[in-house]
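Shown next, in structure tokens, is the structure this report addresses.
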Amino acid sequence: KNICVIGLGYIGLPTSIIFAKHGFHVHGMDVNEETVRNLHQKQLHIEEPGLHEALTAAVDSGHLTFGTTPVEADVFIIAVPSPIMDNKTADLDYVRSATRSIVPYVQTGNLVVLESTVPPRTVEDVMLPELKETGLAIGSDVYVAHSPERVIPGKIFKELEANDRIVGGINDASGQRTKEIYQSFVQGAIHVTDATTAEMAKVMENTYRDINIAFANELAQLSEAMGINVWEAIQLANCHPRVNIHQPGPGVGGHCIAVDPWFLAERHPDTARMITQARHTNDDMPAFTADKIWHILHNEYQLDQPRVALLGLSFKGNVDDMRESPSLKIMEHFNRMQIDYTVYDPHMTDVRVPHQVTDLQDAIDGASIVVVVTDHDAFKAYDPAEIGQAMTERIVLDTKNCLHEATWRAAGFDFIRLGDTKN
Ligand code: SAJ
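Okay, so the sequence shown: first residue is 2 according to the UniProt record's numbering, each after it adds one.
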């Protein structure tokens, strides 16, 4: 069978590769000409373990081609962005235009699958009206389904195969046909339902995480006020067989968990009260973190001309993605509070980020405090004795509870943790 994948980002590209690996002829298309030009030369625009090798193998096998327009195929898979707009409603223009772009190519017997995460009812209310333009009977000539991606960046290939998959058809025939396609590589169970329930289930997963993280962040703030180490307390509470509290931190980043809850809240804000509150709680964490740093510098240590070495730019450990990163928001607060800083990330540099240095040494030279906001493995491996030598003071703030406290203390550091005022 032939598959045409629309959108070659974090989801579309690995999905194209995995279908190609399992014997399908896949044509991946993206409207970004540079992306396609690079892929022709087997060059990547994203970082993901195993991606380059897998891309090379798929292209060399002759099963994977790329272009900037769709082609005729048996199956169309849409994996385009569905971001949030400033008014906290979903921007569905990419989904709409991707659907529109395949209309001239869709023929009787074809299947169209949406993988992008979207507000419930998007397949029914946004995609189907576009697909009607094919003039074909929707549901009997053309089959349509939502099969949301659920993979975590950093482990995409593993999770594509291992995770259970939800398939939501606009009717039974659409669901069954979609299941058959994904069965080629999914080792987890494939659960078939209707399109709107599938959309809801996917958004619920990320909202569950967001609410649970907001709860942890609230507990961190309460713990600071009460002289408790929240990390220790959470660990103890999680010993209970039915408790699984998530981890606090400087905020929730990424393009999924910080976005998808709004897809539930947008049409019914008065009902989605807990969801909306959790979003605000998590969105307030960068300000809470920046305030804490200001307090450390000016009230606790009363430093003359303090400078912060901010470690971490990407939104989570070991990835090179800074979308919605708490680090960016903390820097905005630093600018407003006139806190002097440099930022360093071993996984990424971005010309749009001011005060970014490409060398650890430049970040710590003359710094008064090291603040870790991303739990990169590289940071855990640092030698605090060496770092301390370059600094004017030895203060470290660990917002992710990822550093080894005893080692830093042994190197003469005052060790401060977010959510911890014990002792
Ligand atoms: N975070 C915390 N505390 C935690 C867990 C995470 O503060 O206990 C923060 C992280 O530091 C990060 C953010 O939340 O800033 C999100 O990170 P993540 O690793 O939890 O999730 P994502 O956004 O990379 O991927 C999520 C995953 N969803 C779930 O785990 C339910 C992934 O499976 C989805 O495919 C992905 O969203 C998506 O595309 O929707």
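Every residue, glycine too, gets a C-beta built ideally from N, C-alpha and C. Model, not experiment: these values are computed from the prediction.
- [ ] Would you list the residues whose beta-carbon is nearer than 6 Å to any heavy atom of the ligand SAJ, in the order they occur in the chain?
- [x] T118, E150, R151, V152, I153, P154, E206, N207, R210, I214, H247, Q248, G250, V253, G254, G255, C257, I258, F316, K317
- Message: For V187, report the span of its alpha helix (DSSP H) as first-last.
- Response: No alpha helix (DSSP H) contains V187, which DSSP labels as neither H nor E.
With 16 other CB atoms within 10 Å as the buried threshold, where does N424 fall?
exposed
- Euclidean distance between Cα positions of I388 and V372: 12 Å
Can you round the beta-carbon distance between E54 and P15 to whole angstroms, since I take them to be within the 8 Å contact cut?
-> Not quite, the Cβ-Cβ distance comes to about 12 Å (not below 8 Å), so this is no contact.
query: Going by the CB atoms, is the gap between S175 and V152 shorter than 8 Å?
result: Taking the C-beta atoms as reference points, S175 is found no nearer than 8 Å to V152.
Find the nearest neighbour of I12 within the set G155, H405, S326, judged by alpha-carbon distance. G155
- Can you tell me whether DSSP reads F67 as helix, strand or coil? strand
(Q) Judging by CA-CA distance, which residue of L129, K401, M128 is the nearest neighbour of P287? (A) K401
- Task: Answer yes if the stretch 299-310 comes into contact with the stretch 230-241, meaning at least three C-beta pairs across the two stretches below 8 Å, and no otherwise.
- Result: no
* Does DSSP classify N218 as helix, strand or coil? -> Reduced to three states, the DSSP call for N218 is helix.
- Item | Whole-number beta carbon distance between P385 and T408, since they are thought to touch under 8 Å | 6 Å
(Q) My output table needs one value for H53: the three-state DSSP class, helix, strand or coil. (A) helix
Okay, do the stretch 16-32 and the stretch 62-80 touch, 3+ Cβ pairs below 8 Å being the bar?
yes
>> Just to confirm, is the Cβ distance from L52 to L9 under 8 Å?
In response: Annotated as distal: L52 and L9, with beta-carbon spacing of 8 Å or more.
### Reference V344; option with closest CA among P84, L312, F158, W295
L312
Item to complete: Name, in chain order, the residues that DSSP records as bridge partners for H46.
Response: H46 pairs with nothing; no bridge assigned.
Q: Return the residue from the list V60, I191, L45 that minimises the CA-CA distance to I19.
A: V60
- Task: On a CA-only basis, which of H23, A199, A259 is nearest D284? Give me that one, please.
- Result: A259
Label L65 either buried or exposed according to how many other C-beta atoms from any shown protein chain fall within 10 Å of its C-beta, with 16 as the threshold for buried.
buried
| task | Find out if the Cβ-Cβ distance for the pair V81, A99 is shorter than 8 Å. | result | Yes, the Cβ-Cβ distance between V81 and A99 is below 8 Å.
Contact under 8 Å by Cβ, G395 with F380: Here residue 395 is Arg; the residue named in the question, Gly, does not match the sequence. No, they are not a contact pair.
Inset, instruction - Would you list the residues sitting across from D415 in a DSSP beta bridge? - result: I396
| Is DSSP giving Y302 helix, strand or coil here? | Look at Y302 here: in three-state DSSP terms it is coil, with no helix or strand label.
Simplified DSSP assignment, three categories, for A80
coil
C240 burial status per 10 Å Cβ neighbour count (16 or more: buried): exposed
Short Cβ contact (8 Å threshold) for S148 with Y183: Yes, Cβ-Cβ distance for S148 and Y183 is below 8 Å.
(message) Distance check for V374 and G250, CA to CA, integer angstroms please.
(response) 8 Å
Answer yes or no: do A91 and E200 have a C-beta to C-beta separation smaller than 8 Å? In this structure, the beta-carbon distance from A91 to E200 does not fall below 8 Å.
Do you know offhand how far D305's Cα is from T393's? 11 Å
* Burial state of D261 (16 or more Cβ within 10 Å) -> buried
Going straight from the alpha carbon of T290 to that of E160, what length do you get?
In a straight line, the C-alpha of T290 is about 32 Å away from that of E160.
Task: Under 8 Å between C-beta atoms of R308 and A221 - done: no
- Bridge partners of H334, per DSSP? For H334, which the question treats as bridged, DSSP gives no partner whatsoever.
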